[in-house]
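Participant: Per the numbering used here, the sequence shown starts with residue 123, numbered consecutively.
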Amino acid sequence: MENVTPGYDFGSLDDKPMDLMTLEQFELENPYTPPLPRRTANPLRTTSKNGQHTAEFHMACDARGVLCDFVFHTVAQGCFDVELRLGGEYVDRIGQYASKKDAKEEICKKHLATVEAMPNFKKRKANDTAHCLSAPAGLDEELWVNLIYEYTHKNQLPAPDFEYQPTEGNTGPWTCVLRVPGFQSTFGGHDKPYTTKMYAKKAAAMEAAQWLRSVTRMAPAPDKRRKSSTGSLAATGFMSETGATQALRSMDLNANHGSPSEQVHVLAIELGFTQPAYKHIKIPGTDAFYNSYAQFIERDVRKDGRLEGQIGMTHHVYGKKAAQQACAIEVLKVLHTIHQSRHMH
Numbered sequence: 123m124e125n126v127t128p129g130y131d132f133g134s135l136d137d138k139p140m141d142l143m144t145l146e147q148f149e150l151e152n153p154y155t156p157p158l159p160r161r162t163a164n165p166l167r168t169t170s171k172n173g174q175h176t177a178e179f180h181m182a183c184d185a186r187g188v189l190c191d192f193v194f195h196t197v198a199q200g201c202f203d204v205e206l207r208l209g210g211e212y213v214d215r216i217g218q219y220a221s222k223k224d225a226k227e228e229i230c231k232k233h234l235a236t237v238e239a240m241p242n243f244k245k246r247k248a249n250d251t252a253h254c255l256s257a258p259a260g261l262d263e264e265l266w267v268n269l270i271y272e273y274t275h276k277n278q279l280p281a282p283d284f285e286y287q288p289t290e291g292n293t294g295p296w297t298c299v300l301r302v303p304g305f306q307s308t309f310g311g312h313d314k315p316y317t318t319k320m321y322a323k324k325a326a327a328m329e330a331a332q333w334l335r336s337v338t339r340m341a342p343a344p345d346k347r348r349k350s351s352t353g354s355l356a357a358t359g360f361m362s363e364t365g366a367t368q369a370l371r372s373m374d375l376n377a378n379h380g381s382p383s384e385q386v387h388v389l390a391i392e393l394g395f396t397q398p399a400y401k402h403i404k405i406p407g408t409d410a411f412y413n414s415y416a417q418f419i420e421r422d423v424r425k426d427g428r429l430e431g432q433i434g435m436t437h438h439v440y441g442k443k444a445a446q447q448a449c450a451i452e453v454l455k456v457l458h459t460i461h462q463s464r465h466m467h
């Protein structure tokens, strides 16, 4: 009793059942797992360099639309086998190699000819796409997918549901059904095949946006559209009709002189500033919505204090590219204000 804690009451154990198990039960529930065997004396190494055969193997698979899968097995300490599957079917297993990289290189070298002998699953016959729909008129006039995401966000609805389905194999043609929360109707359809998944998605989104406009649930499209990036952003609601925006239009910055970020580049140089760095913060729990802002270097801030901090902050814009252009529009407003103030003195 030398190691017993002073004051411990052994009598308290009399009324409590002890949860014990036999040695046999313990061994049954905790089976012995032997350690990996020691490394073999001479594990194999690849004879090629720089992953040449691995690169050629992946290029051959990609060119034919073949899905390759490598499964590695640790058979000893520092020794690996590799198993190759093509299109989900087992092909071969080789080993033992000193590294996974060596194992992959050797099995790619061994079975490159196997892939090259396989048919081209990407190649479609002419009649495979003959029944596909052509891109509908107006498909590229607006950012239709963005419009649908903005509609659901503005109305505090769950994200829209795009359901894709290839009509033949995993290379298309593709169909898309769009479900907009709050409506029983669906848009697009599995009876409307397109050559690409993106065409199918945009067509379904365009159909939904046009229907929402017809029932006055979405703002109508502007009468006149410019094909410049600024015009597209304005159509999706990224630009607001503030005094600064109107001033930008009078400055002729929107006269097809490139995207807003390109216009920032030109105006910043004219004003003697370096290019700002764009920062994008993905909103947690969303598919691809971002808050964005631009930041100028300290030297530019010393030249003009209006460039201090987070410039052109935009919120909840779908897509990093669109978020940067929306942010650039706000940066243009600041740069234009600086430009005007300099010419007033």
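All C-beta atoms, glycine included, are put in the ideal place defined by N, C-alpha and C.
Determine the burial state of I270: buried for a count of at least 16 other Cβ atoms within 10 Å of its Cβ, exposed for fewer.
Facilitator: buried
Participant: Are Y415 and Q432 touching if we call contact CB-CB under 7 Å?
Facilitator: Result yes, Cβ atoms of Y415 and Q432 sit closer than 7 Å.
Participant: With three or more C-beta pairs closer than 8 Å as the rule, is the stretch 187-197 touching the stretch 137-157?
Facilitator: no
Participant: Where does E452 fall in DSSP's three states?
Facilitator: helix
Participant: For R167, which residues of its own chain have a beta-carbon under 6 Å away from its beta-carbon, when the five flanking residues on both sides are left out?
Facilitator: A220, D224, listed in sequence order.
Participant: Does the stretch 196-208 come close enough to the stretch 226-233 to have 3 or more Cβ pairs within less than 8 Å?
Facilitator: Short answer: they touch.
Participant: Looking at the strands, I want to know which residues DSSP matches up with V193.
Facilitator: E205
Participant: Would you identify the three-state DSSP class for P315, choosing helix, strand or coil?
Facilitator: strand
Participant: Using 8 Å for Cβ pairs, my map puts V213 next to T236. What's the rounded Cβ distance?
Facilitator: 7 Å
Participant: When the Cα atoms are used, what is the spatial distance from R160 to P153?
Facilitator: 21 Å
Participant: In angstroms with no decimal places, state the Cα-to-Cα distance between T155 and E149.
Facilitator: 11 Å
Participant: Alpha carbon to alpha carbon, how far is N268 from S383? Give it in angstroms, no decimals.
Facilitator: 19 Å
Participant: Output the boundary residues of the beta strand (DSSP E) element that contains T436.
Facilitator: 433-440
Participant: With H, G and I counted as helix, E and B as strand and the rest as coil, what does DSSP make of G94?
Facilitator: In the structure displayed, the chain extends from 123 to 467; residue 94 sits before or after that span and is not available.
Participant: Let me know if T318 comes out buried or exposed under the rule of 16 or more other beta-carbons within 10 Å of its beta-carbon.
Facilitator: exposed
Participant: Is it true that the CB of P303 sits closer than 7 Å to the CB of L334?
Facilitator: Here L334 is not near P303, since their CB atoms are 7 Å or more apart.
Participant: Use the C-beta contact count for M328: other C-beta atoms within 10 angstroms, 16 or more gives buried, fewer gives exposed.
Facilitator: buried
Participant: Which residue from Y321, L300, Y316 puts its Cα closest to that of A331?
Facilitator: For the residues Y321, L300, Y316, the minimum Cα distance to A331 belongs to L300.
Participant: Cα-Cα, which of P315, A450, K171, V456 is closest to L393?
Facilitator: V456
Participant: From H461 to K276, what does the alpha carbon distance come to, in whole angstroms?
Facilitator: 34 Å
Participant: Roughly how far, in whole angstroms, is the beta-carbon of H175 from the beta-carbon of L234, given that I think they are within contact range, below 8 Å?
Facilitator: 6 Å
Participant: Ignore the nearest five residues each way along the sequence and tell me which others in Q218's own chain have a CB closer than 7 Å to its CB.
Facilitator: Cβ neighbours of Q218 beyond the five flanking positions: T162, P165, L166, V197, A198, C201, F202, D203.
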